[in-house]
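J.: Please find one structure pasted underneath; my questions will follow.
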Amino acid sequence: MLGSIAAATYGMNPLFALPLYGDGMDPNSVLLFRYAFAILILALMLKLRGRSFKMNVRKELPAYVLLGLLLAMSSLTLFLSYNYMAAGIATTILFVYPLMVAIIMALVYKVKITLQIAFCIFVAVAGISLLYKSDDGTTLSVIGTILVLLSALSYAIYIVGINYKGIKDLSTIKVTFHIILAGFFVFLISALAKGHLAAPTKWYLWFNLLALAILPTVVSFVCTTAAIHDIGSTPVAILGALEPVTAVFFGVLLFNETLSFRELIGLLLIIAAVTVVIMGTSVTHFLIRIRKMLPRLNKNKN
Numbered sequence: 003m004l005g006s007i008a009a010a011t012y013g014m015n016p017l018f019a020l021p022l023y024g025d026g027m028d029p030n031s032v033l034l035f036r037y038a039f040a041i042l043i044l045a046l047m048l049k050l051r052g053r054s055f056k057m058n059v060r061k062e063l064p065a066y067v068l069l070g071l072l073l074a075m076s077s078l079t080l081f082l083s084y085n086y087m088a089a090g091i092a093t094t095i096l097f098v099y100p101l102m103v104a105i106i107m108a109l110v111y112k113v114k115i116t117l118q119i120a121f122c123i124f125v126a127v128a129g130i131s132l133l134y135k136s137d138d139g140t141t142l143s144v145i146g147t148i149l150v151l152l153s154a155l156s157y158a159i160y161i162v163g164i165n166y167k168g169i170k171d172l173s174t175i176k177v178t179f180h181i182i183l184a185g186f187f188v189f190l191i192s193a194l195a196k197g198h199l200a201a202p203t204k205w206y207l208w209f210n211l212l213a214l215a216i217l218p219t220v221v222s223f224v225c226t227t228a229a230i231h232d233i234g235s236t237p238v239a240i241l242g243a244l245e246p247v248t249a250v251f252f253g254v255l256l257f258n259e260t261l262s263f264r265e266l267i268g269l270l271l272i273i274a275a276v277t278v279v280i281m282g283t284s285v286t287h288f289l290i291r292i293r294k295m296l297p298r299l300n301k302n303k304n
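In the working numbering, the protein residues as written are 3 to 304.
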């Protein structure tokens, strides 16, 4: 459930970011405000829960800095890609990250990719490919595609790294706070170097920044961290298939987009793959029980 919530809320990025772009804000400014508000919210949550902000500098700080850099890189490259391609297409390409997670886990940690996991990745990717809407006669932007692939790789490494044993047993909110704090300094340094920071010109767009901080940041990253610590990196990555489902849902609900039969099939495939991941080993046990109910006939018997 935590993994599903994380994916669904992370899929809301374009919903709140694109109106800010339309108002003239650049990706670095949007992310700086997004991370700043998220830090304040997480700090309040830590204070209300009576948690300490202290850390083991020698053991924890390097991990926080590295994870913060990865998260900032993933966010920035994804938001930059929106300038080169439609947000829906970017979200579709971004979903190569579960495959990257599975490969990293297999190569680095020697984690065996089960047939069930491989099947779920295949079905989810097939479903997302059906959600892709191509413009007539147009090709994908090379720059935009490279940016999304960099975002996917950064996020894949982040998902694997967040399961690092040195921070795995720490408070989820505390870990998220320090990681986002580290990422915030990336955007702050960038803004200072450029000498430019854009803010919303319309008062109601500040609510978009607040929504970005709460839903795709605080809620999504806290739930992602908790889910990875519970069920592992690869299953949580596959649950990320719910991100484009969220994009399609809000497109139909808020922007009067139509849902074609092809897209409906794609959504059903994604939901099926996610359901199998959520059910876990119970699926295998269920299939075994079905198999036992249908024993093979002995050809030697008349």
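For glycine and all other residues, C-beta sits at the position ideal for the given N, C-alpha and C. Quantities reported herein were computed from a predicted structural model and do not represent experimental measurements.
Provide the residue span of the alpha helix (DSSP H) that contains residue 168, from first to last.
T.: Per DSSP, residue 168 belongs to the alpha helix (DSSP H) from 167-170.
J.: Using beta-carbon positions only, say whether residue 70 and residue 185 come within less than 7 Å of one another.
T.: Yes, the pair counts as a contact, with Cβ atoms nearer than the cut-off.
J.: Which residue marks the beginning of the alpha helix (DSSP H) containing residue 194, and which one marks its end?
T.: Note, residue 194: alpha helix (DSSP H), 174-196.
J.: Would you be able to state if there are at least three C-beta pairs under 8 Å between the region 29-45 and the region 209-226?
T.: These segments touch.
J.: Straight-line CA distance for residue 172 to residue 90?
T.: If I take the Cα positions, the gap works out to 35 Å.
J.: Run through DSSP, which three-state label would residue 55 get?
T.: DSSP places residue 55 in coil when its eight states are reduced to three.
J.: For a test of the three-state rule: what should DSSP assign to residue 76, helix, strand or coil?
T.: Three-state DSSP puts residue 76 in a helix.
J.: Could you give the C-beta distance for residue 29 and residue 210, rounded to a whole number, given that I count them as a contact under 8 Å?
T.: With 8 Å as the limit, residue 29 and residue 210 do not qualify as a contact, their Cβ atoms being about 14 Å apart.
J.: Roughly how many angstroms lie between the CA atoms of residue 53 and residue 265, to the nearest whole one?
T.: Answer to the nearest angstrom: the Cα atoms are 45 Å apart.
J.: Going by Cα to Cα distance, which pick from 132, 155, 50 is closest to residue 105?
T.: It is 155.
J.: At the level of alpha carbons, what is the spacing between residue 40 and residue 182?
T.: Cα to Cα, the separation comes out at about 8 Å.
J.: For residue 132, which of 73, 276, 49, 270 has the nearest alpha-carbon?
T.: Of the listed residues, the one whose Cα sits closest to residue 132 is 270.
J.: Mind the definition here: the region 239-254 touches the region 8-25 only if three or more C-beta pairs lie below 8 Å; say whether that holds.
T.: Contact holds: three or more Cβ-Cβ distances are below 8 Å.
J.: Would a C-beta distance cut-off of 7 Å place residue 150 and residue 92 closer than the cut-off?
T.: In this structure, residue 92 lies closer than 7 Å to residue 150 by Cβ.
J.: Could you check the C-alpha separation between residue 5 and residue 239 for me, to the nearest Å?
T.: If you take the alpha carbons of residue 5 and residue 239, they lie about 8 Å apart.
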